[in-house]
Structures are given as C-alpha cells and as structure tokens.
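Residue 384 in our numbering sits at position 384 of the first sequence, with consecutive numbering throughout.
Cβ coordinates follow ideal geometry from the N, Cα and C atoms, glycine included.
Written below as structure tokens is the structure these notes are about.
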Amino acid sequence: MSQLQIYDSHQGALKTFTPLKEGHAGLYVCGPTVYSHVHLGNVRTFLSFDMVFRYLQFLGYKVRYVRNITDAGHLIDDADEGEDKVGRRAKLEQVEPMEIAQRYTVNFHDVMRAFNTLPPSIEPTATGHIVEQISMTQQLLENGWAYEANGSIYFDVDAYSKVHPYGELSGRNLDEMRSGTRELDGQTDKRSPIDFALWKKASEAHIMRWASPWGEGFPGWHLECSAMSTKYLGTSFDIHGGGMDLKFPHHECEIAQNKGANQDGGAQVWMHANMLTLNGKRMSKSTGNTLLPDELLSGDSPHLSKAYPASVARFFIHQAHYRSVLDFSDEALQAAEKGYQRLIHAWKALSERPGEGPSKGSFDVDHWQAQCVAAMNNDFNSPILIAHLFDAVKAIQADQQDRSLLGQSGAKVLLQHLNAWIFDVLGLQDQMRHAHAGSQKALDAAMGIVLQARKQARDQKDWSTSDAIRDQLAAGGIQVKDGTDGSTYTIGE
RNA sequence: GGUCUCGUGGCCGAGUGGCUAGGCAAGGCUCUGCAAAAGCUUGUACAGCGGUUCGAAUCCGCUCGAGACCUCCA
1 MSQLQIYDSH QGALKTFTPL KEGHAGLYVC GPTVYSHVHL GNVRTFLSFD
51 MVFRYLQFLG YKVRYVRNIT DAGHLIDDAD EGEDKVGRRA KLEQVEPMEI
101 AQRYTVNFHD VMRAFNTLPP SIEPTATGHI VEQISMTQQL LENGWAYEAN
151 GSIYFDVDAY SKVHPYGELS GRNLDEMRSG TRELDGQTDK RSPIDFALWK
201 KASEAHIMRW ASPWGEGFPG WHLECSAMST KYLGTSFDIH GGGMDLKFPH
251 HECEIAQNKG ANQDGGAQVW MHANMLTLNG KRMSKSTGNT LLPDELLSGD
301 SPHLSKAYPA SVARFFIHQA HYRSVLDFSD EALQAAEKGY QRLIHAWKAL
351 SERPGEGPSK GSFDVDHWQA QCVAAMNNDF NSPILIAHLF DAVKAIQADQ
401 QDRSLLGQSG AKVLLQHLNA WIFDVLGLQD QMRHAHAGSQ KALDAAMGIV
451 LQARKQARDQ KDWSTSDAIR DQLAAGGIQV KDGTDGSTYT IGE
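This is the structure:
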C-alpha cells in the first residue's frame with residue numbers, strides 16, 4: 001500500500017506524510033475574515049481542506065482540525081491608518097463590530113453546512129484570543145525580534161533576518177523587497193517598511209480595542225494564526241493550510257512569529273490551495289469579481305443559466321487538483337452536473353442491485369480500490385480518484401447486463417468502497433433525493449397514479465393522451481423516463 | 001518593474017521521457033410508438049520555434065500568450 005505524499009510549498013516538493021505523533025494529525029487552516037459574505041473562491045479553499053480532513057480520517061488518523069474565524073485585526077489600508085476591516089464596516093452600517101462579525105460568521109456556517117463540509121474540531125476566534133496574542137507579542141519583545149514605537153509593536157524583520165531566513169516560504173529576497181517597497185509618507189513608526197505590526201495602538205475613532213501593556217490597541221494582521229495554532233496544536237504541528245494568496249505576507253509572517261517566539265516555524269508541511277477564477281480572473285471581494293454561494297444555489301446571477309446543487313459545485317471543484325487554478329463557468333458547471341448525476345445514478349443502481357450472479361465476479365475490486373488509494377495518496381489527486389470512480393460506473397452498468405462481472409460479494413465490497421469515496425471523502429450528497437425527502441412519499445404516490453394512467457393509454461396505443469400527460473408533466477418540471485421495465489420520473493434534472 | 005506559475009483535442013481538466021486519463025459536448029449504434037432517458041461506441045490533443053535523446057506533451061533554451069504574488073483578500 002502506498003503512503004500519503006503531500007506537496008509542501010515550503011520545500012517545493014512532495015513529502016511523505018509522517019505525523020509527529022503516530023496515528024494523529026494536526027491541521028491548521030486559515031479561516032475567513034467575517035466582514036462580508038464568503039464567495040465561491042473562499043469556498044473552494046475550504047472544500048479543498050475539508051477533503052484533506054476527510055481523507056486523513058479515511059486513512060485512520062485521529063485529526064485535530066483547527067480553522068480560525070478572523071473577527072478582528074486585519075488592517076484595511078496601510079498600517080499607518082490603523083483601522084481594521086471589521087471596525088470600518090461597522091461604522092458604515094452603524095452597528096456594533098461584533099454584530100457584523102456575528103452576522104457573517106452565521107452566514108459562513110450556513111454556507112459550510114450547505115456544501116456539506118465537516119465542522120472543524122476547534123474554530124477559535126481572534127477576539128477570543130487577545131490574551132494569547134499579547135503574550136506572544138511580549139515573548140517576541142523579550143527575544144529581541146520586536147520593538148515598541150508610539151504604543152504599537154512591530155516585528156523587526158531586519159534583526160530577525162540576520163538569524164533566520166525571512167522570505168523562505170514565498171521565495172522572496174529581502175533586498176529586492178526593500179527596494180521594491182514604496183516609500184511611506186513619513187507618518188510610520190516602523191523602522192523599516194518591511195516590518196509588520198504585531199500590535200497597533202488604537203486611535204480614538206477605533207472602536208475595536210483592548211487593553212494591553214502598551215495601552216489600548218488591537219492585534220496585528222498575522223498574529224492570531226500564530227497564537228492560536230500554537231495554543232491548540234503546539235509549537236510544532238503537522239500541516240498548515242490556506243489559500244495561495246496568503247503565502248505572502250501572511251504565512252511568511254506567521255513563520256517569523258513562530259520562530260521568533262517558539263524557536264520553531266510551526267508547521268511541518270505547508271499546503272496552499274489555488275485560486276478559483278471567474279472570467280479568467282481571481283475572485284476578489286475588493287474588485288467585485290465574485291460569485292456568492294447563494295447565487296450559485298439560487299441561480300440568481302448573470303454568470304449562471306440555472307441553479308446548481310452544492311454537491312455539483314463540490315464535484316466540479318474536486319474534478320480539478322487543489323493546486324491548479326480552476327476557472328469557473330456555467331458551461332463547466334453543466335458538464336460537472338451531468339457527470340455527477342451519472343455517478344450518483346450508478347451508485348444508486350449498485351445499492352439496489354439484486355443478489356444475483358456468482359459470489360465472486362471478474363471485476364478486480366481490490367485492484368480498483370488500490371488505484372483509488374494511490375491517487376489520493378499522491379497529494380490528494382481527487383481528479384484521478386474521480387476518473388477511477390467512473391471506471392466503477394462503467395463496471396456497474398456492464399454488470400446490469402451480466403451479473404458475473406461484479407458478482408455478489410464484489411458488488412457488496414464495491415458499494416462499501418464507493419460509499420466511502422463518494423460520501424465520506426469527496427463529501428458529495430445524493431442531493432436529488434435529499435431535496436425532496438419530506439414530500440417524496442406523497443409525490444411518489446401521486447406520480448404512481450399518473451404514470452399508471454399513462455401506461456393504460458400507452459397499452460391502448462392512445463399516443464395523444466400519453467404524450468399529453470408526458471408534455472404537461474414536463475412543463476411542470478417533471479421528466480418522465482420510459483425504461484424497458486416501466487416508467488420513472490425525475491424532478492429538475 | 002521584480003518573483004513565480006501556467007499554456008493539453010469543441011469545452012473543462014489529469015498526466016510529466018516510451019504504455020487509452022476522466023467528465024461534458026459531438027458523430028455512429030442499441031433500446032423505443034415517437035421523443036426523451038439510459039447503455040454501447042468513435043475521435044489521437046499537448047502555444048510556437050530550436051536543442052538534448054533511440055524516443056518529448058513531458059527535460060533545456062528562446063519567443064508569444066495568460067494568471068498569481070509583490071498592498072487587505074481563500
């Protein structure tokens with residue numbers, strides 16, 4: 001059996017996953033900033049790491065998955081402005097900052113539930129860990145990697161870089177960064193433009209503020225993740241994940257803070273999920289090139305021709321590797337929906353397979369399963385896994401003609417494996433069924449009568465009546481499918 | 001401007017020195033009262049130019065094109 005290999009973006013190479021504590025895995029992922037709705041690009045990252053979380057569990061690891069909520073602290077303008085996103089939005093809308101954070105946190109959880117992501121083991125908030133952040137800042141001051149200026153504390157990149165390689169993660173060169181940084185207008189307290197804030201003094205207008213040894217203020221951009229990953233996973237842990245756009249400066253600063261305070265860079269492996277683009281450009285809250293989850297689920301967007309179930313979006317996203325840029329389009333979604341339906345229909349057919357045929361079939365289920373595992377062990381290559389799932393689809397369909405292909409035990413084992421891959425690892429759902437679960441029984445009864453009436457008309461070759469029934473049902477969104485052993489119906493496919 | 005990534009058949013998207021990726025669409029076929037659905041089947045692609053090699057989509061160089069980061073952003 002192959003071993004799990006993960007691409008470490010720190011080293012730029014595949015690494016065999018060897019957990020620090022056998023049988024356990026610690027995973028930290030940068031969560032959302034809750035000052036507005038998450039868009040589908042954000043969702044892609046969280047789905048990617050949800051898949052990682054699920055697969056680690058599939059492999060038998062006991063996983064502690066920590067994903068934070070940033071409800072304070074990220075500066076909106078230059079460090080000099082000293083105003084954070086949550087605070088600014090709050091003033092615009094005349095509400096309490098925590099009201100904003102709460103609203104969008106609830107929305108975020110709704111979205112995550114809609115996309116069937118598993119909740120993290122711990123979901124800490126930045127505002128709930130001010131004490132830890134102050135403490136880490138003090139540690140950095142004591143160790144000589146930070147300095148106070150006018151009530152604010154900055155990380156001293158120049159001092160740090162004499163001992164540690166700042167820029168190691170993102171492959172940046174300090175001299176180039178210095179020359180490339182634009183001149184600030186002299187209002188800064190920073191010794192060097194590449195220094196970053198650990199703690200910012202709050203101006204009078206700033207409403208999110210906490211007491212600290214340096215006066216009232218708020219934590220800097222990058223500190224919360226260092227403080228919270230250390231608290232819940234330790235100074236050294238297995239995997240740190242996040243979106244590609246966080247690699248610099250956010251993750252670079254995290255490493256510097258961790259090394260500066262804990263003498264350890266934190267994560268053994270850094271994973272970066274790539275961007276989801278829309279019209280060839282990355283989705284971004286600030287440019288407005290976004291698609292919201294609600295718009296996808298309702299179809300209410302100029303980018304979409306129809307609504308799509310969340311599982312279709314999941315399937316679409318997992319059909320691309322997490323490290324590749326994926327371009328979102330209505331056409332691509334439609335293609336994904338068809339494929340997803342074929343997969344689910346085959347799974348359903350297998351789950352309803354009668355116990356026919358020999359015990360052991362000719363399809364080598366063990367070999368097939370090994371291929372699936374090998375695909376996922378190769379840096380979570382979900383597109384290859386899905387390709388293998390379609391091999392199973394083909395076998396299931398052939399088996400309907402010739403029951404010796406799967407055989408009784410083969411069908412049983414294959415179904416167990418498929419359940420694990422489709423539902424447990426990929427996190428897909430049989431949404432066509434779920435969507436109508438409540439009224440399904442009543443609808444089935446009514447449709448049974450309608451289809452029976454149509455069958456009578458067909459038996460009498462009364463085509464005008466049978467076609468009228470079919471057309472009128474179609475107009476109502478119900479599609480009749482005539483098979484060899486009777487008619488069935490589907491809704492909204 | 002600097003750093004980096006990518007460019008695969010009509011579309012999406014894997015692969016990374018020799019062996020059919022896969023999905024969707026399209027053509028053909030089966031089934032069918034018709035249609036739909038469903039199933040079977042076909043298609044030889046790797047931006048351009050040059051080089052290395054017995055052999056390159058895969059390695060190297062150049063050119064063109066696209067994107068990301070360098071400033072908050074998954």
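Between the region 228-235 and the region 19-29, the count of Cβ pairs shorter than 8 Å is three or higher; the stretches touch. Gly-260 has no beta-bridge partner at all, per DSSP. Taking C-alpha positions only, Ala-101 is separated from Val-425 by approximately 31 Å. Taken in chain order, the whole beta strand (DSSP E) runs of length 3 or more contained in the region 117-155 are 146-149 and 152-155. Taking the Cβ atoms as the reference, Gln-429 lies roughly 5 Å from Ser-311, within the contact range of under 8 Å.
Here DSSP, grouped into helix, strand and coil, assigns Thr-290 to coil. Taken in chain order, the region 84-117 contains no complete beta strand (DSSP E) segment of 3 residues or longer. Each of Gln-400, Ile-384, Glu-331 and Ile-344 was checked against the Cα of Gly-361, and the nearest Cα belongs to Gln-400. Asp-195 has its alpha-carbon roughly 8 Å from the corresponding atom of Asp-158. For the region 333-381, the full-length alpha helix (DSSP H) segments reaching 4 residues or more read 365-377 along the chain. Boundaries of the beta strand (DSSP E) around Ile-478: 478-483.
Taking a 10 Å sphere around the C-beta of Ser-2, we find fewer than 16 other C-beta atoms and assign the residue as exposed.
Residue environment: Trp-347 is assigned as buried (16 or more neighbouring CB atoms within 10 Å of its CB, all protein chains considered).
Selection Glu-356, Ile-122, Val-393 and Asp-444 evaluated against Gly-407 yields Glu-356 as nearest (Cα-Cα). Setting aside the 5 residues that flank it on each side, Glu-99 is surrounded in the same chain by Ala-90, each with a C-beta closer than 8 Å to its C-beta; the list follows chain order.
Counting along the chain, the unbroken beta strand (DSSP E) around Asp-8 starts and ends at 5-8.
Gln-57: member of the alpha helix (DSSP H) spanning 40-58, first to last residue.
Comparing alpha carbon positions, the residue from Asp-482, Gly-476, Asn-68 and Gly-477 closest to Gly-242 is Asn-68. In the displayed model, Trp-221 falls within coil according to three-state DSSP, outside both helix and strand. Taken in chain order, the complete alpha helix (DSSP H) segments of 4 residues or longer contained in the region 405-475 are 407-418, 431-435, 440-459 and 463-475.
Beta-bridge pairing by DSSP links Gly-242 to His-272.
Secondary structure at His-318: helix, using DSSP grouped into helix, strand and coil. Across the structure, Lys-481 and Tyr-489 are spaced so that their CA atoms are roughly 6 Å apart.
Under the three-state reduction of DSSP output, Lys-247 falls in the helix class. Listed as beta-bridge partners of His-24 by DSSP are Lys-62. In the structure shown, Tyr-166 falls within a coil segment according to DSSP collapsed to helix, strand and coil.
The residues His-272, Ala-273, Asn-274 and Met-275, in chain order, have a CB closer than 7 Å to that of Met-244 in the same chain once the five nearest residues on each side in sequence are set aside. Rounded to whole angstroms, the Cβ separation of His-37 and Leu-333 is 20 Å, and the two are not in contact under 8 Å. DSSP, read as helix, strand or coil, puts Phe-17 in coil.
Beta-bridge pairing by DSSP links Ile-384 to no other residue. Looking at the DSSP output, Asp-327 bridges to Thr-277.
Where Tyr-489 is concerned, the enclosing beta strand (DSSP E) starts and stops at 486-491. Under the three-state reduction of DSSP output, Thr-33 falls in the strand class.
The three-state reading of DSSP puts Ala-159 in helix, counting H, G and I together. Contact between Thr-125 and Asp-71 is confirmed by a C-beta separation of about 5 Å, below the 8 Å threshold. Within the same chain, Arg-454, Ala-457 and Arg-458 come within 7 Å of Ser-466 by CB-CB distance, once the 5 residues on both sides are set aside.
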